[in-house]
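Just so you know, we're using our numbering here: the sequence shown kicks off at 196 and counts up by one. Ideal Cβ placement from N, Cα and C applies to all residues, glycine included. This structure is a prediction, so every number in the text was calculated from the model and none was measured. Data block below; observations after.
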Amino acid sequence: MLDEIHEECGVFGIIGHKHAANMCYYGLHCLQHRGQEAAGILTTNGERMFIHKGEGLVTEVFNNDKLNVLEGDAAIGHVRYSTAGGGGILNVQPFLFKTMRGSMGICHNGNLVNANVLKKELEEKGSIFSSSSDTEVLGHLMKRSKGRMIDRICNSLDRLDGAFAFLILIEDRLYAARDRYGLRPLSIGIMNDGAYVFASETCALDIVGAKFLRDVEPGEIVRIKDGQMLSMKYTSKDITNKICAMEYIYFSRPDSQIDGINVHTSRKLAGKVLYQEAPIDADVVIGVPDSSISAAIGYSEESGIPYEMGLIKNKYVGRTFIQPTQQMREQGVRMKLSAVSSIVKDKRVVMIDDSIVRGTTSKRIVRLLKEVGAKEVHVRIASPAIRFPCFYGVDTSTLEELISHHLNVNELCSYIEVDSLVFISEKGLAQSIHTYQESCGLCLSCFTGDYVTPLYDSFDRANKEGK
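So this is what it looks like as structure tokens:
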């Protein structure tokens, strides 16, 4: 469990289904782990567009009455956290644009590193932005472009830099596009009735009964119209495949396939590699629920140390639990996680976690384990140390908040009060993923500081805001 690190959002789209809004609702519910602050669905019946969105969980934003008024056989939907673009209802997606040429809806997963450069240029030409989200940039670029719709979209996409998976809905067609670096995932599925489905993760295809076809390729745009799929590259620039490593480590559900790789399998193998790199004599292995469980099972299998549920997560803690004092923050951890005394008392415990970002949550969990009688606590992290900000749609955008940027491993070990601390190596992480699929690369920017894209003003602006 990360120290409150979040992926920015998830997207879902469907076309050719008579219950498009309902299918989109199910898809978004399946992607809820990618964003819990807001949700929205936009539909079209071929002539008009309908939209509903709001702040909160999918189940809080939608009910039967609200879904019933979203007419049409095509829909796009979005769940989000407020990160670079900020919160508030004006930033909730999808966005609906109405022009003399017709209406269109857009939603987006990721972050554009050149958004401010483009916004300044567009504003100087007369564009007025109604939100602080960088998603709106694409809409304004498209409105100012000329030619056929596909040309307008491609020309606009080619001007964007950064991480993105876009869904664009017109009255009679749906477009899907992925950044030329492959940083953000986007999958294509098809249902038995011929409806096409797009989703940030394959688990959302499964929930609506869609068969996985393939991933949208980096630098590719896909159009669905009249039940037919058209595909083309929208850019002549260099194309790579650098999927964000955090998709495997934390963001995606264990049952999802990301670029052909099962997430649970890669995490389990990371746990095995972690033991090979950092063995320890211990009595029990536990994982911090939920996304560390797969790695903990792998560590246990490789080491022969029994795996146990030493920490139990309370799934019903409110998202907005207020913690104004240190005492209440400690209580907040106890509400979210409970240590099982009978499992860890008088035991040498290996605790597996996904990552350490700010360090505060890790320290509190270690204290919980020791308070119920753990003899030793050895922490093993299934990712390298996060030492640099991410500018591609993850809310770690300042150096100030990253504890591994300020402390080395020994210092961090003392800070979180554990008997030993080891992070998996970059080579070990890559091995855990590429053992099963060598055709894709990885973005390791937050570990290495070697960014996949130019950063424009992102780094200076983010760290100025973080001070």
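Opening and closing residue of the alpha helix (DSSP H) in which residue i lies
| i | result |
| --- | --- |
| residue 348 | 344-352 |
| residue 616 | Not the alpha helix (DSSP H): residue 616 falls in the beta strand (DSSP E), residues 615-618. |
| residue 302 | No alpha helix (DSSP H) holds residue 302; the beta strand (DSSP E) holding it covers 297-307. |
| residue 454 | Neither: residue 454 is in no alpha helix (DSSP H) and is coded neither H nor E. |
| residue 256 | 253-256 |
| residue 563 | 555-566 |
| residue 598 | 598-601 |
| residue 259 | 259-263 |
Nearest-angstrom Cβ-Cβ length linking residue i and residue j, presumed shorter than 8 Å
| i | j | result |
| --- | --- | --- |
| residue 336 | residue 351 | 4 Å |
| residue 274 | residue 205 | 5 Å |
| residue 370 | residue 348 | 6 Å |
| residue 552 | residue 576 | That pair is no contact at about 11 Å. |
| residue 289 | residue 252 | Not a contact, Cβ separation roughly 17 Å. |
| residue 593 | residue 584 | 6 Å |
| residue 225 | residue 271 | The pair is not a contact, with the Cβ atoms about 15 Å apart (cut-off 8 Å). |
| residue 165 | residue 561 | Nothing about residue 165 can be read from this structure; the chain reaches only from 196 to 662. |
| residue 454 | residue 410 | 6 Å |
| residue 227 | residue 276 | Not quite, the Cβ-Cβ distance comes to about 11 Å (not below 8 Å), so this is no contact. |
| residue 644 | residue 610 | Between residue 610 and residue 644 the Cβ distance is about 22 Å, and since that is not below 8 Å, they are no contact. |
| residue 669 | residue 437 | Not covered by the structure: residue 669. The range shown for the chain is 196 to 662. |
| residue 620 | residue 472 | 6 Å |
Which of helix, strand or coil DSSP assigns to residue i
| i | result |
| --- | --- |
| residue 582 | coil |
| residue 518 | Confidence in residue 518 is poor, its pLDDT being 43 and thus under 50, which makes the residue's placement unreliable; the coordinate value appears in the next sentence. Residue 518 falls in the coil class under three-state DSSP. |
| residue 490 | helix |
| residue 418 | strand |
| residue 394 | strand |
| residue 734 | The structure shown does not extend to residue 734, since the chain is modelled only from 196 through 662, so no value can be given for it. |
| residue 339 | helix |
| residue 648 | coil |
| residue 410 | strand |
| residue 231 | coil |
| residue 471 | helix |
| residue 653 | helix |
| residue 212 | coil |
| residue 533 | strand |
| residue 643 | helix |
| residue 386 | coil |
| residue 464 | helix |
| residue 594 | coil |
| residue 502 | strand |
| residue 399 | helix |
| residue 495 | helix |
Opposing strand residues paired with residue i [DSSP bridges]
| i | result |
| --- | --- |
| residue 204 | 275 |
| residue 577 | Per DSSP, none; premise fails for residue 577. |
| residue 571 | 543 |
| residue 439 | 638 |
| residue 247 | 236 |
| residue 479 | 544 |
| residue 294 | 297 |
| residue 361 | 303, 372 |
| residue 426 | 417 |
| residue 405 | According to DSSP, residue 405 bridges with nothing at all. |
Residue range of the beta strand (DSSP E) that includes residue i
| i | result |
| --- | --- |
| residue 625 | Note, residue 625: premise wrong, no beta strand (DSSP E); alpha helix (DSSP H) at 621-629. |
| residue 318 | Not the beta strand (DSSP E): residue 318 falls in the alpha helix (DSSP H), residues 310-319. |
| residue 431 | Counting along the chain, residue 431 falls outside any beta strand (DSSP E), and DSSP gives it neither H nor E. |
| residue 610 | Per DSSP, residue 610 belongs to no beta strand (DSSP E); it is in the alpha helix (DSSP H), 604-610. |
| residue 508 | 506-508 |
Practice problem: Decide if the segment 420-432 is in contact with the segment 443-452; the criterion is three or more beta carbon pairs, one per stretch, under 8 Å apart. | Solution: No: fewer than three Cβ pairs fall under 8 Å.
Quiz item: How about the segment 620-630 and the segment 464-472: do they share at least three Cβ pairs that are nearer than 8 Å?
Solution: At 8 Å Cβ cutoff, the stretches touch.
Quiz item: Does the count of Cβ pairs from the segment 309-317 and the segment 354-361 closer than 8 Å reach three?
Solution: Yes, since at least three Cβ pairs between the segment 309-317 and the segment 354-361 fall closer than 8 Å, the two stretches touch.
Quiz item: So does the segment 426-440 actually touch the segment 385-403, counting three or more Cβ pairs closer than 8 Å?
Solution: Short answer: they don't touch.
Quiz prompt | Cβ contact check for the segment 468-486 and the segment 545-562: 3 or more pairs under 8 Å | solution = Counting Cβ pairs under 8 Å, three or more are found: they touch.
Quiz item: Touching or not, the segment 612-619 and the segment 402-415, by the rule of three or more beta carbon pairs under 8 Å?
Solution: Contact fails: fewer than three Cβ-Cβ distances are below 8 Å.
Quiz prompt | Contact between the segment 478-495 and the segment 411-421 (3+ Cβ pairs under 8 Å) | solution = Touching, no, given that fewer than three Cβ pairs across the two stretches are closer than 8 Å.
Quiz item: Can at least three beta-carbon pairs, one atom from the segment 207-215 and one from the segment 246-253, be found at a separation below 8 Å?
Solution: The segment 207-215 vs the segment 246-253: no contact.
Quiz prompt | Segment contact, 8 Å Cβ cut-off, at least three pairs: the segment 529-537 with the segment 562-581 | solution = Because the criterion of three Cβ pairs below 8 Å is met, the segment 529-537 and the segment 562-581 touch.
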